[in-house]
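All remarks here apply to the structure that follows.
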Amino acid sequence: MAICRFALPQPVNITPRRVSISQIQLQELTGGDFPEATVRVVCGAGTYIRSIARECGEALLVPRELQDSTRELRNPAGELCVGGTLTELERSRSGAFEASASLDFDEIRDKLDVRCLARLGVWSAAFSDAFSVPCAQQKGESPLQTVDSVLQHLPFAVLPPMKAQHWLSCGIVSVAAEDVLIAAEGQTAPKQHAALVHGESIRVFCASSPELLGISKVEQQDESPQRFVLRKRIFV
Numbered sequence: 020m021a022i023c024r025f026a027l028p029q030p031v032n033i034t035p036r037r038v039s040i041s042q043i044q045l046q047e048l049t050g051g052d053f054p055e056a057t058v059r060v061v062c063g064a065g066t067y068i069r070s071i072a073r074e075c076g077e078a079l080l081v082p083r084e085l086q087d088s089t090r091e092l093r094n095p096a097g098e099l100c101v102g103g104t105l106t107e108l109e110r111s112r113s114g115a116f117e118a119s120a121s122l123d124f125d126e127i128r129d130k131l132d133v134r135c136l137a138r139l140g141v142w143s144a145a146f147s148d149a150f151s152v153p154c155a156q157q158k159g160e161s162p163l164q165t166v167d168s169v170l171q172h173l174p175f176a177v178l179p180p181m182k183a184q185h186w187l188s189c190g191i192v193s194v195a196a197e198d199v200l201i202a203a204e205g206q207t208a209p210k211q212h213a214a215l216v217h218g219e220s221i222r223v224f225c226a227s228s229p230e231l232l233g234i235s236k237v238e239q240q241d242e243s244p245q246r247f248v249l250r251k252r253i254f255v
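Numbering of the sequence shown is given in my numbering, commencing with residue 20 and proceeding in unit increments.
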């Protein structure tokens, strides 16, 4: 991404980086002296959308009949180009989360207030009229996503209650590679995580509760490559 600073007109060297872009779709094009395009991009982390706008402008060449001495903008190949810049950016999705399902701060505050009232047992029809929220939230369900919903890409292990309590007490526990599972895309049941490696982060659960206990890095045991220990931990 090029950064233009005040009183610094010299060009900035742009270092290429490898990113993942699965789709670039032109949704709308407005003509005129300064045409504008609305483009939808599906990409991975670390992608600079501003760079895509610039490169699209570099790919649009000035027709030969319109080329004259007043045009100076050239692409890396030395060809006269139209050029392009980013004027607006909206992130419609981040990972598994859609912007259309998001809440603003006022909505969160109101729904959490309703949840607190329900937990205190003071919910009434008057509150139902005052707050237009789903019945599930009137009963005390949080409108916010759980931490675990952000971590679905991580494999996980379900520990027996005593072993889970030992891990929560900063103890070191062992886990077999075959007991580390991962959510399979498009499948309802998880499958064995066959590619478990030393230093990988996994989610830790207890068999007696569906709540996430924390995250731990697995350490491979030298004497048994199919067994790992959970030593380092991050509580959530």
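Idealized CB from N, CA, C, for every residue including glycine.
Measuring straight from C-alpha to C-alpha, what distance separates L122 and A195? The sequence position of residue 122 within the sequence shown is 103, counting from 1. The sequence position of residue 195 within the sequence shown is 176, counting from 1. The straight-line gap from Cα to Cα measures roughly 41 Å.
Using the Cα positions of R59 and G190, report the straight-line distance between them to the nearest angstrom. Residue numbering aside, residue 59 sits at position 40 when the sequence shown is read from its first letter. Residue numbering aside, residue 190 sits at position 171 when the sequence shown is read from its first letter. C-alpha separation (whole angstroms): 48 Å.
G103: buried (16+ other C-beta within 10 angstroms of its C-beta) or exposed? Stepping through the sequence shown from its first residue, residue 103 is reached at position 84. So G103 counts as buried.
To the nearest angstrom, how far is the alpha carbon of I92 from that of F254? The sequence position of residue 92 within the sequence shown is 73, counting from 1. The sequence position of residue 254 within the sequence shown is 235, counting from 1. The amino acid at residue 92 is misidentified as Ile; the sequence shows Leu. Each residue's Cα considered, the two are about 53 Å apart.
On the criterion of 16 or more Cβ atoms from any shown chain inside 10 Å, does K251 qualify as buried, or is it exposed? Position 232 of the sequence shown, counted from the first residue, corresponds to residue 251. Looking at its Cβ environment, which holds fewer than 16 other Cβ atoms inside 10 Å, K251 is exposed.
Whole angstroms are fine: how far does the CA of T66 sit from the CA of V199? Here residue 199 is taken as the residue at index 180 of the sequence shown, counted from 1. Here residue 66 is taken as the residue at index 47 of the sequence shown, counted from 1. The straight-line gap from Cα to Cα measures roughly 32 Å.
Measuring straight from C-alpha to C-alpha, what distance separates L264 and T106? The requested residue 264 is not part of the displayed model; the chain covers only 20 to 255.
If you reduce the DSSP assignment to three classes, tell me which class L108 lands in. Here residue 108 refers to the residue found at position 89 when the sequence shown is read from its first residue. Of the three classes helix, strand and coil, the one that applies to L108 here is coil, per DSSP.
Go through its chain and collect everything with a Cβ distance to A183's Cβ below 7 Å, but skip five positions before and after it. In the sequence shown, the residue the question calls residue 183 occupies position 164. Excluding sequence neighbours, A183 sits near C225, L232.
Quick check on R222: does DSSP put it in helix, strand or coil? On the sequence shown, residue 222 is found 203 positions in, with the first residue counted as 1. Strand.
Classify A96: buried if its beta carbon has 16 or more other beta carbons within 10 angstroms, exposed otherwise. To locate residue 96, count along the sequence shown from 1; it is residue 77. Exposed, because fewer than 16 other Cβ atoms sit within 10 Å of the Cβ of A96.
Pick helix, strand or coil for N32, following the three-state DSSP scheme. Start at 1 with the first residue of the sequence shown, and residue 32 comes out as number 13. The answer is coil: DSSP assigns N32 none of H, G, I, E or B.
As assigned by DSSP and simplified to three states, the class of L187: Working through the sequence shown from its first residue, we reach residue 187 at position 168. Correct three-state label for L187: helix.
Have a look at the DSSP bridge pairing and note the partners of A78. Position 59 of the sequence shown, counted from the first residue, corresponds to residue 78. Note: A78 sits in no beta bridge, so no partner.
Which residue wins for smallest C-alpha separation from K130, given the options P162, S168, E109, A115? On the sequence shown, residue 130 is found 111 positions in, with the first residue counted as 1. When each option's Cα is compared against that of K130, the closest is P162.
Which value, in whole angstroms, describes the spacing of the CA atoms of G63 and I40? Locating residue 63 in the sequence shown gives position 44, where the first residue counts as 1. Locating residue 40 in the sequence shown gives position 21, where the first residue counts as 1. If I take the Cα positions, the gap works out to 6 Å.
So, helix, strand or coil for A64, using DSSP? Position 45 of the sequence shown holds residue 64. Here A64 carries a coil assignment [DSSP, helix/strand/coil].
Within the continuous beta strand (DSSP E) that includes T49, where are the two ends? By one-based count along the sequence shown, residue 49 stands at place 30. Its beta strand (DSSP E) spans residues 40-49.
Near Q44, which residues of its chain fall below 6 Å by C-beta distance, leaving aside the five closest residues on each side in sequence? Along the sequence shown, read from residue 1 onward, the residue named residue 44 stands at position 25. Taken in chain order, the residues that qualify are R59.
Between the beta-carbon of Q46 and the beta-carbon of V61, is there less than 7 Å? Sequence index remark: in the sequence shown, residue 46 carries index 27 (1-based). Sequence index remark: in the sequence shown, residue 61 carries index 42 (1-based). Contact: no.
Can you give the beta carbon distance from S193 to V248, rounded, assuming they're within the 8 Å contact cut? As a first step, residue 193 must be located in the sequence shown, where it is residue number 174. As a first step, residue 248 must be located in the sequence shown, where it is residue number 229. Right, the Cβ-Cβ distance comes to about 5 Å (below 8 Å), so this counts as a contact.
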